[in-house]
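For reference, the structure is listed below as structure tokens.
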Amino acid sequence: MRCNYNCKFCLEQKTEEEQKNYIDELTELSYTKERLFLAMLHSRLAFGIERINFSGGDPLVNKPKQLTEEIAMAKGLGFSKITILTNGALLDKELVDSYAAAGLTNLTVSIHTRDADNYNELTQPKSKKDYHEHIKEMMRYAAQKPGLTVRINAAKTKDYTESVDDLIDFAKELGVQEITINEMIPANDFSRQQYEPIGNEIRGYEKTEERAWGLSLYSPKGESKGPSVAICRFGGEDFAESQSKDLYLLPNGTLSQYLFDRGEGITY
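Using the working numbering, the letters of the sequence shown map in sequence onto residues 982 to 1249.
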């Protein structure tokens, strides 16, 4: 099973039959630790890649404890930024401690609203459990770990999420260091209906950098404190081109330069 959620706006949102076939295909991981080591080593030596992202689906669905060994492997090979991208439902304090000790530098958790009902409506956990409070607890816990940067990854919708200012306040409440707020990618009917453009001005923040494909970076003004903010618009330029210096471990065990397998690039 590649993911324990069935988010309405997911890029992989398919019919039930298509999703079942895809999940069945990816149920058994195809990589070994030896193959993973060689792929990491090659990406470092041949392409100078410095960041690795353990993503999915959700990387905690399959073998969450094995991730500790893989993180340590990445650290030993000199990756400067090692990130887990997760919905956070399967995190616990033992895993957070283990990942941090192994060398995890960044933990990105997708949580889109402070409202539990709206969150469950958006994400539709397959177990039908309500993970919202648990995820918040894990984020607060992880944000206190020295050397670990915790980021909220929020999808901005028209009807289910708060304003940008309120989402930033939510990040402050959780004590995390960063938040990325994403405009809807037009992946399906739901995301097209829920698309709402994000403006350029953020209360109490100043824009510090504008990058390709609509990524704007913001920092708190003056002496004020708060998380750093990224607004991601997935605009006119090809998003895949910007990923070429990252390495993603995909749910079928493939290592790729591109999270969404677009464009030419190395794939192991």
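From the three backbone atoms N, C-alpha and C, an ideal C-beta is built for every residue, glycine too.
Could you pull out every residue in the same chain whose Cβ sits closer than 6 Å to the Cβ of Lys980, ignoring the five residues on either side in sequence?
Residue 980 cannot be examined here, being either before or after the span of the chain that is shown, 982 to 1249.
Between which two residues does the alpha helix (DSSP H) harbouring Asn1099 extend?
1097-1104
Using only the alpha-carbon positions, how far apart do Gln1175 and Val1131 sit?
27 Å
Could you work out which residue in Ile1116, Thr1067, Pro1178 is closest to Pro1167 when comparing CA atoms only?
It is Pro1178.
The beta strand (DSSP E) that contains Arg1121, what's its start and end?
Where Arg1121 is concerned, there is no enclosing beta strand (DSSP E), although the alpha helix (DSSP H) it sits in stretches over 1113-1124.
Nearest-angstrom Cα separation, counted from Lys1153 out to Ser1205:
12 Å
What separation, rounded to the nearest whole angstrom, lies between the Cα atoms of Arg1184 and Leu1026?
43 Å
When you compare each of Gly1195, Ala1193, Ala1211, Arg1192 to Pro1201 by their alpha carbons, which one comes out closest?
Per the Cα distances, Ala1211.
For Asn987, collect the residues of the same chain with a Cβ closer than 7 Å to its Cβ; drop the 5 residues on either side in sequence, then sort them by chain order.
These residues qualify, in order along the chain: Gln1105, Lys1107.
Using the rule of at least 16 other Cβ atoms within 10 Å of the residue's Cβ for burial, across every protein chain shown, is Ser1061 buried or exposed?
Classification of Ser1061: exposed, given that the 10 Å Cβ count is below 16.
Supposed close pair Ile1162, Ala1135 - CB separation, criterion 8 Å:
5 Å
On the three-state DSSP scale, how would you describe Thr1049?
helix
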